[in-house]
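To keep things clear, I will list the structure first and then write my remarks on it.
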Amino acid sequence: MFIRIGYEIVIDSKPDTVLILAMSPHSSFDGRIIGSAEVQARPEIPLETFQDSFGNRLTRLRAPAGHLTLWSDCIVEVDGQPDVYDWTAQQHDVADLPPETLQFLTSSRYCDSDALAPEALRLFGATPPGWARVQAICNHVHNHLTFGYGFGRSTKTASDAHREKTGVCRDFAHLAIAFCRAMNIPARYASGYLGDIGVPYSGPGDFCAWFEAYLGGRWYTFDARYNQPRIGRVLMVRGRDAADGAMITSFGRYDMKALWIWTDEVPGPPPGMPPGTSPGTSSDALLHDILKSRPKGEALTLAPTN
Numbered sequence: 001m002f003i004r005i006g007y008e009i010v011i012d013s014k015p016d017t018v019l020i021l022a023m024s025p026h027s028s029f030d031g032r033i034i035g036s037a038e039v040q041a042r043p044e045i046p047l048e049t050f051q052d053s054f055g056n057r058l059t060r061l062r063a064p065a066g067h068l069t070l071w072s073d074c075i076v077e078v079d080g081q082p083d084v085y086d087w088t089a090q091q092h093d094v095a096d097l098p099p100e101t102l103q104f105l106t107s108s109r110y111c112d113s114d115a116l117a118p119e120a121l122r123l124f125g126a127t128p129p130g131w132a133r134v135q136a137i138c139n140h141v142h143n144h145l146t147f148g149y150g151f152g153r154s155t156k157t158a159s160d161a162h163r164e165k166t167g168v169c170r171d172f173a174h175l176a177i178a179f180c181r182a183m184n185i186p187a188r189y190a191s192g193y194l195g196d197i198g199v200p201y202s203g204p205g206d207f208c209a210w211f212e213a214y215l216g217g218r219w220y221t222f223d224a225r226y227n228q229p230r231i232g233r234v235l236m237v238r239g240r241d242a243a244d245g246a247m248i249t250s251f252g253r254y255d256m257k258a259l260w261i262w263t264d265e266v267p268g269p270p271p272g273m274p275p276g277t278s279p280g281t282s283s284d285a286l287l288h289d290i291l292k293s294r295p296k297g298e299a300l301t302l303a304p305t306n
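Take 1 as the starting number for the sequence shown in the working numbering and just add one per residue.
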């Protein structure tokens, strides 16, 4: 399956504002990329790319004063399968966990699992350990929180979301992560592209946050907001919570004027390719043709929620 992913962000910035963008496919992404997934800027300015300790591919820039457009547009190939699930996946004893997973067992800035530990034990202490327990956590978070862009704020923790019963997708992820950690299940934050592939249209495109839990010797994807396996996730960032994978980290002031995000399936075969043709070198030219103009659907507006 081919998916076209990209964004266009229009900002006005103050002088000497430095931005760090986490807006490229994660270093672990092993699918084909047609075109460039790198951050582009108009007007052209120096862009520095680097990788952090979580494997996130970051871009640093000094924004010029005034108007700046940032964008990326490419086509990626994915397997087209829904998120993997395994009802038999077992929970590990902490003593048996790989050392690299242990950092995802403790509280972090937004996932205050220590504060939520008594509530986690009350809600999930009687659930079977393993997949069933993580699914019970997802069910609770999915039903407990009401989604709305106006409910998001940069200081909102998992316990805040649980108390207020509202949030954006990252709050759904943070609360589920905190509950998992409180029950001794390693859980980490993830974010990236997730379009309406195989599901009804849900509105203007946006990035999406989900989480991964370590069960049965591997990491599995869970999504407390949608609470169902989805097709076509393209991972951008991982970390302990959103502090490790913010879309834009700013040192200085800027105002976001407009934001478009697209995650659209490219029907196969691409236009002009005979049915039954295998994707390859000959098809790449057709895919590059698709990228000659950027899509402009509905812009994402962050209107207040009552």
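Glycine residues also receive a C-beta, built at the ideal position from the N, C-alpha and C atoms.
Task: Same chain only: Cβ atoms within 6 Å of E77, ignoring 5 sequence neighbours per side - done: Excluding residues within five positions, the ones whose Cβ falls inside 6 Å are F2, G31 and R32.
TODO: Compute the Euclidean distance between the alpha carbons of C208 and A285, then round it to the nearest angstrom.
DONE: Going from the Cα of C208 to the Cα of A285 covers about 30 Å.
Open item on the list: Mapping the DSSP letters down to three states, classify A187 as helix, strand or coil.
Closed with: Strand at A187.
- [ ] Since I believe A65 is in contact with P15 (beta carbons under 8 Å), could you give me their beta-carbon distance rounded to a whole number of angstroms?
- [x] Rounded, the Cβ-Cβ distance is 4 Å, consistent with contact.
Task: Residue range of the beta strand (DSSP E) that includes S108 - done: Careful: S108 lies outside any beta strand (DSSP E) and carries neither H nor E.
Task: Backbone secondary structure at R60 - three-state DSSP - done: Three-state result, R60: strand.
Task: Cα-Cα separation between L145 and R225, rounded to whole angstroms - done: About 9 Å.
Task: DSSP-derived helix/strand/coil call for A136 - done: Of the three classes helix, strand and coil, the one that applies to A136 here is helix, per DSSP.
Open item on the list: Using 8 Å for Cβ pairs, my map puts G192 next to V141. What's the rounded Cβ distance?
Closed with: Contact flag wrong, Cβ pair sits at about 19 Å.
TODO: Would you mind sorting S282 into buried or exposed? The rule is 16 or more other CB atoms within 10 Å of its CB.
DONE: Note that S282 scores a pLDDT of 41, beneath 50, so its modelled location is shaky and nothing firm can be said.
TODO: Rounded to whole angstroms, what's the CA-CA distance from N184 to Y149? Just pull it up for me.
DONE: The alpha-carbon atoms of N184 and Y149 are separated by roughly 31 Å.
Open item on the list: In whole angstroms, give me the CA-to-CA distance for F172 and W210.
Closed with: The straight-line gap from Cα to Cα measures roughly 8 Å.
- [ ] Spatial neighbours of L68 within its chain, please: CB distance less than 7 Å, with the 5 preceding and 5 following residues excluded, ordered by chain position.
- [x] If we look at L68 and ignore the five residues flanking it on each side, its Cβ neighbours are I11, S13 and A41.
TODO: Could you tell me if S278 is buried or exposed, where buried requires 16 or more neighbouring beta carbons within 10 angstroms of its beta carbon?
DONE: Unreliable placement is indicated for S278, whose pLDDT of 47 sits below 50; no coordinate value is reported for it.
- [ ] My understanding is that A176 touches I137, with C-beta atoms under 8 Å, so please give their C-beta distance in whole angstroms.
- [x] Right, the Cβ-Cβ distance comes to about 5 Å (below 8 Å), so this counts as a contact.
- [ ] Could you pull out every residue in the same chain whose Cβ sits closer than 6 Å to the Cβ of D223, ignoring the five residues on either side in sequence?
- [x] For D223, same chain residues with a beta-carbon under 6 Å away, outside a window of 5 residues either side, are W210 in chain order.
Task: Of the listed residues A89, F50 and A299, nearest to D206 (C-alpha basis) - done: When only C-alpha atoms are compared, the closest one is A299.
- [ ] May I ask which residues mark the beginning and end of the alpha helix (DSSP H) holding S113?
- [x] Segment S113 to F124, the alpha helix (DSSP H) holding S113.
Task: Nearest-angstrom Cβ-Cβ length linking S293 and R181, presumed shorter than 8 Å - done: At roughly 45 Å, the Cβ-Cβ gap does not stay under 8 Å, so S293 and R181 are not in contact.
Open item on the list: Please give the ranges of any beta strand (DSSP E) in the segment 142-227, keeping only runs that are unbroken, at least 3 residues long and fully inside the region.
Closed with: The qualifying runs are 187-193, 207-215 and 218-222.
Open item on the list: Please report the distance separating the alpha-carbon of R170 from that of A258.
Closed with: Rounded to the nearest angstrom, the two C-alpha atoms are 21 Å apart.
- [ ] Within 10 angstroms of the Cβ of Q81, are there 16 or more other Cβ atoms? Answer buried if so, exposed if not.
- [x] It counts as exposed.
Open item on the list: What residue range does the beta strand (DSSP E) around S13 cover?
Closed with: Unbroken beta strand (DSSP E) run through S13: F2 to S13.
- [ ] State the DSSP-derived secondary structure class of P82, mapped to helix, strand or coil.
- [x] Correct three-state label for P82: strand.
- [ ] Express the C-alpha separation of R240 and L102 in angstroms, rounding to a whole number.
- [x] Cα to Cα, the separation comes out at about 11 Å.
Task: N-terminal and C-terminal residue of the alpha helix (DSSP H) that D284 is part of - done: Per DSSP, D284 belongs to the alpha helix (DSSP H) from T281 to I290.
Task: Cα-Cα separation, S27 to V18 - done: Roughly 23 Å separates the two Cα atoms.
Open item on the list: Taking 6 Å as the limit between beta carbons, can you name the residues of its chain near F251, skipping five residues before and five after?
Closed with: Closer than 6 Å at the Cβ level, and outside the excluded window around F251, lie V18.
Task: R109 versus T157 - alpha carbon distance - done: When rounded, the distance between both Cα atoms is 7 Å.
- [ ] Confirm, please, whether the CB-CB distance from I261 to G232 is below 9 Å.
- [x] Result no, Cβ atoms of G232 and I261 do not sit closer than 9 Å.
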